[in-house]
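Using numbering that gives the first Met the number 0, read the sequence shown as starting at 0 and increasing by one per residue.
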Amino acid sequence: MGKTAESKLLIRILIGLFIISSLLLITIYVIPLINLYGDDTPRNIPLLQQLREEVTEELKSFKLRKLLKHRDLVLQKENFTQISRYQKYVTPDDPVILSYISNNHIVSPREAYHRAVNWIWVSDQTLNGRPELWLLPSVFIHDTPTYPTNPVPGSIVSDCESQAYTLVSILEAIGIPKENVRVVVGKVNFSGVIGGHAWVQIYQNGSWMELEATSGPFWDDDDNKLVNNHGFPFNFFATHPYPVEEYWAFFNDRYYYNPNNGKQSPDLPLYWK
C-alpha cells in the first residue's frame, strides 16, 4: 500500500473516531440536558407521590385520624392572630421540666423525642371535661398521671398541643437554640381526615423537620381502650412530606410568626418564614 493510500485510510479512521466521539458526547451530555430543561414537568413527582402515599399508609397504621375525629385541636386559624399569649406554654426553665430531663437522662433531641412519643394522647374532653384546655408543661408532666379522669392512671397524658410545647420546652432546656425549634399549629390531613393540630419542628441541616409526638400511644374514645402505637422514627419526616394543609402559627417562648397576617417577633430569624 502506498503512502497516499495509507494517508487516506488514516484520515478515514480519524473521521470515524471523531464521529463516534461526537455521538457519545451527544448521548452523554446533550440529550440529558434537553430532557432536563426542555420539559416543564417536575422530575420528582413520582417519587413525591410515592412518599406521600407512604406517609398516608403510616398514618393509617398509627390511626392518627382518630385524633382529629375527637377534635385534637378545637382552635382554628382565627384564634392565632395574637400568638404571644400562647408563648407562655413553652417553659424550658421550669423545675419540673429540668427534673424530668435529669430523671430520664435526656441529652439529645433523639432521646427527647423518644420520651415524648411515649406520652399518651388523651382527648381534652376525656381528660378535662371540655373540648379545649391548654395545660402548662408542669401540669402535663407532674399532675396528669394522678388525674382522676386519666384513663391510663400513672401515665403522662394529654392531647397534641400539650405534647408539642412540652417537647419544645425540653429541647430548649437541653441546649437546642430557640432559633432552631418551634411549636407549629395548623391544619393537617391524617389519612383523609382534616383538622387542627399542633406539632414540633426542629431546624437541622438547613431545613425544618417535623417531630410528631402524638404518633405514639393514644386513648381511643370510641373503643374505650389504649392503642399502643410505637410512633414515627425520629428522622421520618426528614425524608417524607408532612401532611400539612395550612400553617396557622409558629412559636416558642421567644419567637413567634403568623404566616397569614405577617405578625412576628421583632428579631425573628429569616428562616422562620
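C-beta atoms are modelled at their ideal positions from N, C-alpha and C, and glycine is treated no differently.
Asked                                                                                                      : Found
Reduced DSSP category for W271 - H, G, I as helix; E, B as strand; rest coil                               : helix
Secondary structure of I231, DSSP reduced to three states                                                  : Contrary to the premise, residue 231 reads as Phe rather than Ile in this sequence. Of the three classes helix, strand and coil, the one that applies to F231 here is coil, per DSSP.
Cα-Cα separation, N234 to M208                                                                             : 8 Å
Continuous alpha helix (DSSP H) assignments of at least 4 residues falling wholly in the segment 118-182   : 123-127 and 159-172
Y270, buried or exposed, once every other Cβ within 10 Å from all chains shown has been counted against 16 : exposed
Proximity to W120 [Cα-Cα], best of F236, N260, E245 and L225                                               : L225
Own chain, CB closer than 6 Å to D252, minus 5 neighbours either side, in chain order                      : Q86 and V89
Rounded separation between G230 and V180 - CA only                                                         : 20 Å
Test item: CB-CB of V116 and G185 under 8 Å                                                                : no
Pair within 8 Å by beta-carbon distance, E178 and P242                                                     : no
Residues bridged to W198 [DSSP beta-bridge criterion]                                                      : V183
Alpha carbon of T148 to alpha carbon of V156, nearest angstrom                                             : 10 Å
Supposed contact pair N102 and R114 - C-beta distance, whole angstroms, cut 8 Å                            : About 10 Å separates the two Cβ atoms, so there is no contact after all.
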